[in-house]
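If you count the sequence shown from 1, you need to add 7 to reach our numbering. Yeah, the Cβ is synthetic: ideal placement off N, Cα and C, and Gly gets one too. For reference, the structure discussed in these notes is given below.
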Amino acid sequence: MHSKKLMHQASLLGEAIEDARKFGWELGDGKVTHSWSVLVEAVQNHVKSLNWGYRTSLSDKNVKYLNAFGKLIDEHTIKTVNKRKKEAVITAANIVIATGERPRYPDIPGAREHCITSDDLFSMTTPPGRTLVVGASYVALECAGFLAGVGFDVTCMVRSIFLRGFDQSMADKIGDHMGAHGVKFIRPAVPTKVELIEDGPPKKLRVEFKNLKTDEVRTEEYNTVLLAVGRDSCTQGIGLDEVGVKMNPRTGRLLTTYEQTNVPHIFGIGDILEGKPQLTPVAIQAGKLLARRLFGGSTVECDYVNVPTTVFTPLEYGCIGLSEEDAIAKYGEENLEIYHTYYEPLEWTVPGRGENVCYMKLICDLSDQERVIGFHVLGPNAGEITQGFGVAIKAGATKAHFDEAIGIHPTCAENFTLLNITKRSGEDPAAKGC
C-alpha cells in the first residue's frame with residue numbers, strides 16, 4: 008500500500024511540474040527528468056523502516072515473533088519450521104489465520120519465467136522501460152497509471168471490464184482518463200505466451216496475445232511484463248483441511264461468520280475471507296474488533312459494507328458503500344435517487360486540465376429518508392475526501408444532511424453539498440462554473 012501510494016505521488020509531482028509553468032514558475036529550458044533508481048531506493052527505505060517499526064512494536068507489547076512456516080496439527084496445535092529447519096510446537100486456546108494472498112500467474116508459457124508482479128515492481132532496480140500491464144484490477148490500473156506518469160511507455164491488456172466489483176460507470180471514466188493521458192489499452196485480449204528474445208538489462212520480451220472478439224493472434228515486444236490478474240489465498244498446505252475448516256473450494260477463502268470459522272476457536276481475518284473487502288485497513292479493523300470480543304468483553308462486529316476505499320489511479324477514485332449496479336440489484340432502480348455532477352477543481356483552471364473530467368454521485372434509498380447507500384468521487388485527492396465522508400456514511404447520513412452542511416469554498420468536496428441534478432431527471436450534469 009505504502010509503495011504504490013509513494014509511486015503515485017511521484018507521478019502526480021510530474022504533472023505538478025508541468026502545471027507550475029502556468030503558475031509562473033520558470034523551470035529553465037532543459038527537460039525535467041525522472042530517476043527510477045532514486046525513487047525505488049526511497050520507497051524501499053521507507054518500507055524497511057515500517058517493517059522495523061512493526062517488529063519493535065511487537066517486542067514492546069511482549070509479543071513473540073517467529074519467522075517460520077506454520078501448519079495446524081490439530082484444532083489447538085501448530086507445528087512451525089524455520090529456515091534452519093528447526094521445528095517447534097505451539098498450542099493455543101484460539102488461533103487466527105491471517106496468511107494473506109500472493110499474486111496469481113496465468114497458465115501460459117513464460118509467465119513465471121519472464122514476467123513480474125506488483126510485488127516485484129516496487130523493488131525493481133532497473134527502469135521497467137516499455138511495459139505491458141496485464142489485468143484491469145485496481146492494482147493493474149494503479150501501476151499502469153504511475154508508470155506512465157513518470158514517463159514510461161505503458162500498455163494495459165484488459166480481458167473484459169475495468170475494476171470488476173466497483174461501480175462500472177466510474178471505472179469506465181477512469182479508463183477514459185487514463186487513455187487520454189498516455190496509457191494504451193488492448194481490449195478485450197489475453198496473453199497466450201511470453202518469450203525472452205534478448206537478455207538485459209533492459210530485457211526484450213515478445214508477448215503473443217489473442218483478441219477475444221476476433222480471435223486474431225498478434226505479438227508485441229516489451230521490456231517488462233507486469234501481471235496483475237488477481238491473487239490466490241495462502242490457505243493451502245497449512246492444515247486447515249485436516250482440522251475441518253470450511254473453505255470455498257474454488258478460491259481457497261475461509262467461510263466465516265464475523266471472522267469465526269465453522270471450527271469455533273479458529274478465526275480468520277483479511278484477504279482470505281470469502282466475500283469480504285480485500286483491503287488492509289479492513290483486516291486491521293476486523294482483527295482489532297475480534298481481539299476485543301475475545302478478550303475484552305466487547306460485542307462490536309466489523310461493518311463490511313460501509314467501507315471507504317480509494318483506487319490511486321492518476322485521477323483518484325474514492326467510494327463508500329454500494330456501486331450503482333449493486334444498489335439497483337438490492338433496492339430496485341425505482342427505489343433509488345441518484346444525484347450526480349461533473350466538477351472542475353480550481354487548481355485545474357489555470358493549466359487548463361479540462362472541465363468535465365472529475366465526477367461525483369450519491370446513491371440514495373428513497374424508502375429510508377434518502378439515506379446515502381453509495382458514495383462515489385473521481386478527482387484529485389479523492390482518498391482524503393472519501394475518508395472524511397466515511398464517518399458521515401457510517402453514521403447513517405441522508406441527502407438532507409449533505410444539503411444542510413456548509414461547504415468549504417473553493418474545494419472539490421464542497422460539491423457534495425451542492426448536488427441537485429438526478430439521473431432520473433435526465434438533466435445534463437456538466438460543470439457550470441463556480
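Per DSSP, cross-strand counterpart(s) of residue i
i: residue 192; result: 163
i: residue 198; result: 216
i: residue 108; result: 240
i: residue 95; result: 87
i: residue 123; result: 233
i: residue 133; result: Answer is none; residue 133 lacks a bridge partner.
i: residue 421; result: The partner list for residue 421 (beta bridge, DSSP) is empty, contrary to what the question assumes.
i: residue 203; result: 212
i: residue 405; result: 378
i: residue 138; result: 161, 231
i: residue 181; result: Looking at the DSSP assignment, residue 181 forms no beta bridge with any residue, so it has no partner.
i: residue 102; result: 273
Delimiting residues of the beta strand (DSSP E) encompassing residue i
i: residue 325; result: 324-328
i: residue 312; result: Looking at the DSSP string, residue 312 is not in any beta strand (DSSP E), and its letter there is neither H nor E.
Among the options, nearest to residue i - alpha-carbon criterion
i: residue 134; options: 434, 89, 439, 155; result: 155
i: residue 374; options: 390, 356, 341; result: 341
i: residue 50; options: 213, 235, 153, 13; result: 13
i: residue 108; options: 224, 260, 16; result: 260
i: residue 137; options: 351, 159, 63; result: 159
i: residue 235; options: 24, 197, 437; result: 197
i: residue 263; options: 309, 76, 304; result: 309
i: residue 219; options: 139, 242, 227, 195; result: 195
i: residue 84; options: 100, 386, 46, 150; result: 100
i: residue 277; options: 271, 270, 292, 269; result: 292
i: residue 42; options: 31, 56, 192, 20; result: 20
i: residue 23; options: 354, 369, 437; result: 354
i: residue 105; options: 268, 368, 372, 365; result: 268
i: residue 110; options: 103, 98, 102, 123; result: 123
i: residue 215; options: 222, 221, 227, 206; result: 227
i: residue 337; options: 191, 370, 186; result: 370
i: residue 206; options: 121, 71, 256, 300; result: 121
i: residue 300; options: 272, 415, 225; result: 272
i: residue 252; options: 237, 265, 238, 275; result: 275
i: residue 71; options: 61, 385, 413, 92; result: 61
i: residue 431; options: 368, 417, 414; result: 368
i: residue 178; options: 390, 409, 366; result: 366
i: residue 96; options: 125, 80, 102, 74; result: 80
For residue i, the first and last residue of its enclosing alpha helix (DSSP H)
i: residue 301; result: 287-302
i: residue 426; result: Run containing residue 426: none; DSSP gives neither H nor E here.
i: residue 170; result: Per DSSP, residue 170 belongs to no alpha helix (DSSP H) and is neither H nor E.
i: residue 398; result: 389-401
i: residue 157; result: First-last for residue 157: undefined, no H or E at that position.
Can you find at least 3 beta carbon pairs, one from the segment 244-257 and one from the segment 228-236, that sit closer than 8 Å? Contact between the segment 244-257 and the segment 228-236 is absent: fewer than three C-beta pairs spanning the two stretches fall below 8 Å.
With a threshold of 8 Å, are at least 3 pairs of Cβ atoms found where one atom belongs to the segment 333-349 and the other to the segment 422-436? Verdict: yes, contact present.
Are there three or more Cβ pairs, one per stretch, closer than 8 Å when the segment 376-390 is compared with the segment 330-341? These segments touch.
Please give me, in chain order, every unbroken run of the beta strand (DSSP E) with length at least 3 that falls completely inside the segment 220-279. For secondary structure counted as the beta strand (DSSP E) over 3 or more consecutive residues, the segment 220-279 holds these complete runs in sequence order: 224-229, 231-234, 238-240, 273-275.
Unbroken stretches of the alpha helix (DSSP H), 4 residues or longer, contained in the segment 18-93: With a minimum length of 4 residues, the unbroken runs of alpha helix (DSSP H) contained wholly in the segment 18-93 fall at 43-67.
Do the segment 136-149 and the segment 164-181 touch if we need at least three Cβ pairs shorter than 8 Å? Result yes; three or more Cβ-Cβ pairs closer than 8 Å.
Pair every Cβ in the segment 393-411 with every Cβ in the segment 366-378, then say whether three or more of these pairs are closer than 8 Å. Taking 8 Å as the limit for Cβ pairs, the verdict is that the segment 366-378 does touch the segment 393-411.
Fully enclosed by the segment 328-385, which beta strand (DSSP E) runs are 3 residues long or longer? Within the segment 328-385, the complete beta strand (DSSP E) runs of at least 3 residues are 343-350, 365-372, 378-385.
Cβ contact (3+ pairs, closer than 8 Å) linking the segment 198-213 and the segment 109-128: Touching, yes, given that three or more Cβ pairs across the two stretches are closer than 8 Å.
Counting beta carbon pairs with one atom in the segment 308-315 and one in the segment 384-398, are three or more of them shorter than 8 Å? At 8 Å Cβ cutoff, the stretches touch.
Touch check for the segment 169-183 and the segment 19-37: three-plus C-beta pairs under 8 Å? Taking a cut-off of 8 Å on C-beta distances, the segment 169-183 does not touch the segment 19-37, as fewer than three cross pairs fall below it.
Check whether the segment 205-213 touches the segment 177-184, taking contact to mean three or more Cβ pairs, one atom from each stretch, closer than 8 Å. Contact fails: fewer than three Cβ-Cβ distances are below 8 Å.
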